[in-house]
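What follows is one structure encoded as structure tokens, with my remarks underneath.
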Amino acid sequence: MLIQQEGELCVCELMEALQVSQPKISRHLAQLRKFNLLSDRRQGQWVFYRINPSLPSWATDILNTAGAVQSPLIKESLNNLSLMRSRPERDQACC
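If you use my numbering, the sequence shown corresponds to residues 379 to 473, in order.
The following block contains the structure:
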């Protein structure tokens with residue numbers, strides 16, 4: 379839901395937002411990519427993840443509904459993300 383709300387995030391941003399280790403984040407992202415829920419974009423050595431724009435409309439509808447329901451639950455993660463000191467610009471190196 380964070381990626382959906384933010385548009386795209388890199389691993390270090392997800393680590394900061396969720397307060398979870400890099401291996402755990404990477405493992406979950408790999409699974410989401412495997413099932414084509416996420417797509418990625420490489421920028422230098424960094425990888426940014428976003429919701430796959432090729433998802434069928436029914437899948438996007440489900441994500442939108444889930445996002446609306448989960449919105450109050452992800453406030454802390456969004457706050458953590460907003461407090462991230464060296465949050466990258468999308469055209470610059472990450473973290």
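All C-beta atoms, glycine included, are put in the ideal place defined by N, C-alpha and C.
{"query": "Buried versus exposed call for residue 395 [16 or more other C-beta atoms within 10 Å across all chains shown]", "result": "buried"}
{"query": "Pair within 7 Å by beta-carbon distance, residue 393 and residue 381", "result": "no"}
{"query": "Close Cβ partners of residue 460 (< 6 Å) along its chain, the five nearest in sequence each way excluded", "result": "none"}
{"query": "When 450, 416 and 446 are compared against residue 432, the one with the closest alpha-carbon", "result": "416"}
{"query": "First and last residue of the uninterrupted alpha helix (DSSP H) at residue 398", "result": "That residue, residue 398, is in no alpha helix (DSSP H); it is neither H nor E in DSSP."}
{"query": "Paired residues, beta bridge with residue 429 - DSSP", "result": "416"}
{"query": "Rounded separation between residue 390 and residue 400 - CA only", "result": "7 Å"}
{"query": "Residue 428 beta carbon less than 7 Å from that of residue 386", "result": "yes"}
{"query": "Environment of residue 451 [buried if 16+ CB atoms lie within 10 Å]", "result": "exposed"}
{"query": "Whole-angstrom C-beta distance between residue 421 and residue 379, which should lie under 8 Å", "result": "Going by Cβ atoms, the distance from residue 379 to residue 421 rounds to 23 Å, so no, they are not a contact pair."}
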